[in-house]
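In my numbering, the protein residues as written are 3 to 154. The beta carbon of each residue, even a glycine, is placed where N, CA and C say it ideally should be. As the structure is a computational prediction, the values presented were derived from the model and not from experiment. Please read the structure below before turning to the comments.
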Amino acid sequence: MTLQITKANPEDTANIVAFQMKMAMETEGMQLDESIVQQGVRAVFQDRSKGIYYVAKIHEKTVGSMLTTFEWSDWRNGQIVWIQSVFVDQDYRGQRVFSKMYAYLQDIVRDAENNYCGLRLYVDKSNVAAQKVYDSLGMQNHHYDLYEWMKE
Numbered sequence: 003m004t005l006q007i008t009k010a011n012p013e014d015t016a017n018i019v020a021f022q023m024k025m026a027m028e029t030e031g032m033q034l035d036e037s038i039v040q041q042g043v044r045a046v047f048q049d050r051s052k053g054i055y056y057v058a059k060i061h062e063k064t065v066g067s068m069l070t071t072f073e074w075s076d077w078r079n080g081q082i083v084w085i086q087s088v089f090v091d092q093d094y095r096g097q098r099v100f101s102k103m104y105a106y107l108q109d110i111v112r113d114a115e116n117n118y119c120g121l122r123l124y125v126d127k128s129n130v131a132a133q134k135v136y137d138s139l140g141m142q143n144h145h146y147d148l149y150e151w152m153k154e
């Protein structure tokens, strides 16, 4: 399997939207409004400060995607890269697609040319399969809990 990981471009929008729609249904049983998701994905391509999408392709077929966003750490004087919206096509799960995408991001963070200091992600507490993958990659479940408030 020859997997190519690259920064996504606007031509990848349809695949990313489809993946996000599937992920919401798989992980939370939620049917998202496709037009809102399309607007959200396009917003990232229009404003790089919102984040960067990456895609994984095998022979031109998009098999995975993820979004990275950034958090400033005054403790580290650098940017923490947050991994979000990870999705791997069901037919390609178990083939280390995410592992390779994660390694790709680690190389970016290690590059001395940027001001990145680490990687973080959050995972639903019931998503045991994903937690096992993250554990196998050497990620650690630290002592933070996530709290949120969302307007309705």
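Please classify S128: is it buried, with 16 or more other beta-carbons within 10 angstroms of its beta-carbon, or exposed? S128 is exposed by the Cβ-count criterion.
What is the DSSP secondary structure of V130, counted as helix, strand or coil? helix
Residue(s) in a DSSP beta bridge with P58: Here residue 58 is Ala; the residue named in the question, Pro, does not match the sequence. Answer is I7, G66.
Report the three-state DSSP secondary structure of L139 (helix, strand or coil). coil
Can you look up E73 in the DSSP assignment and give me helix, strand or coil? strand
Anyone know if the C-beta pair for Y106 and I7 falls short of 7 Å? yes
Does A114 pass the burial test, meaning 16 or more other C-beta atoms within 10 Å, or should it be called exposed? exposed
Could you give the distance in angstroms between the alpha-carbon of E13 and the alpha-carbon of T64? 11 Å
Pick helix, strand or coil for R95, following the three-state DSSP scheme. coil
For the candidate residues I85, R112, K153, V111, whose alpha-carbon lies nearest to that of F100? When C-alpha distances from F100 are compared across I85, R112, K153, V111, the shortest belongs to I85.
By a C-beta neighbour count over all protein chains shown, 10 Å radius and 16 as the cutoff for buried, is G70 buried or exposed? The question names Gly, but residue 70 is Thr in the sequence shown. T70 is buried by the Cβ-count criterion.
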